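First up is the structure itself, then whatever we jot down about it.
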Amino acid sequence: MRNVVIGLMIGLGILTLGGGLITPYSLSSQTSTQYNIFRIILATYTPLLTPISSAAGMRMVGGGGSQGIVPILIWLIAAFATGIAIRDPGKSGKAMFASASIILLLWIASVFLSAPTWPDLNSWLVEVDLLTSDLISRPIDMISLFIIPTGLAILTAQITQLKRRPIKTEASMDD
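Residue numbers are given in the numbering used here: position 129 of the sequence shown equals residue 129, and the series is strictly consecutive.
What follows is the structure, given as structure tokens:
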């Protein structure tokens with residue numbers, strides 16, 4: 001359990017840092033800091049939700065510009081680091097799947113919890129409609145969000161685990 005939590009922290013840390021670095025966001029002085037946190041979470045995780053579409057040159061969820069291959073690289077780095085750190089395929093897969101799930105859940109929560117920061121209810125409803133319809137219309141991204149990083153974390157952990165085992169040669173088998 002401890003290794004899964006460590007892997008989860010590594011995955012979430014890399015994903016949050018990577019998302020924060022590629023998404024410039026300025027705080028609004030018109031709203032309280034508590035609501036600004038939800039806007040920052042929304043801005044940070046939005047480019048990470050559609051890595052395949054972004055690599056294909058499509059716009060981000062919500063209409064932002066394409067980030068290119070950077071979001072998919074962030075996911076791959078997080079999965080690779082999780083697999084290397086844990087070195088157990090099962091635990092690495094669980095940690096990376098949990099990281100992807102938490103990113104998606106935090107994004108959904110931030111969409112709804114940032115409602116008070118919008119000028120009026122209609123602009124917020126339009127934004128929610130735009131975000132959800134964009135996300136639902138990209139099923140490949142939703143599937144790849146869970147499968148690719150989880151699979152890479154498992155594969156990396158398996159390779160790391162195999163490299164740690166001593167290779168038996170004929171000379172060592174004779175002993």
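Think of the CB as a built atom: it goes at the ideal place given N, C-alpha and C, for glycine as much as any other residue. The structure displayed is predicted, hence computed values, not measured ones.
For I6, the enclosing alpha helix (DSSP H) starts and ends at R2 to I22.
For A157, the uninterrupted alpha helix (DSSP H) run begins and ends at P139 to R164, by DSSP.
Closest by C-alpha distance to I6, out of N36, S66, G64 and M96, is M96.
Cβ neighbours of G64 within its own chain (closer than 8 Å, five residues either side excluded): T46 and P47. Of the candidates L12, R2, N3 and L73, the residue whose Cα lies closest to the Cα of S101 is L12. Of all C-beta pairs linking the segment 104-114 to the segment 77-90, fewer than three are shorter than 8 Å, placing the two stretches out of contact. Rounded to the nearest angstrom, the gap between the Cα atoms of L125 and R138 is 20 Å. Under the 10 Å beta carbon count, R165 is surrounded by fewer than 16 other beta carbons and is classified as exposed. DSSP, reduced to helix, strand and coil, places L49 outside both helices and strands of the structure shown, so it counts as coil. Closest in alpha carbon position to V4, among A98, I136, M142 and L104, is A98. Of the residues S54, R39 and A79, the one whose Cα lies closest to the Cα of P71 is S54. At least 8 Å separates the beta-carbon of G57 from that of L130. If you compare the alpha carbons of G20, T16 and I159 with that of G90, the shortest gap goes to I159. Per DSSP, the unbroken alpha helix (DSSP H) holding A78 starts and ends at V70 to I86.
A check of alpha carbon separations from L17 across P119, I140 and I77 identifies I77 as the nearest.
The beta-carbon distance between D141 and P51, rounded to whole angstroms, is 7 Å. This is short enough to meet the 8 Å contact definition. Here Q67 is buried. Its C-beta has 16 or more other C-beta atoms within 10 Å.
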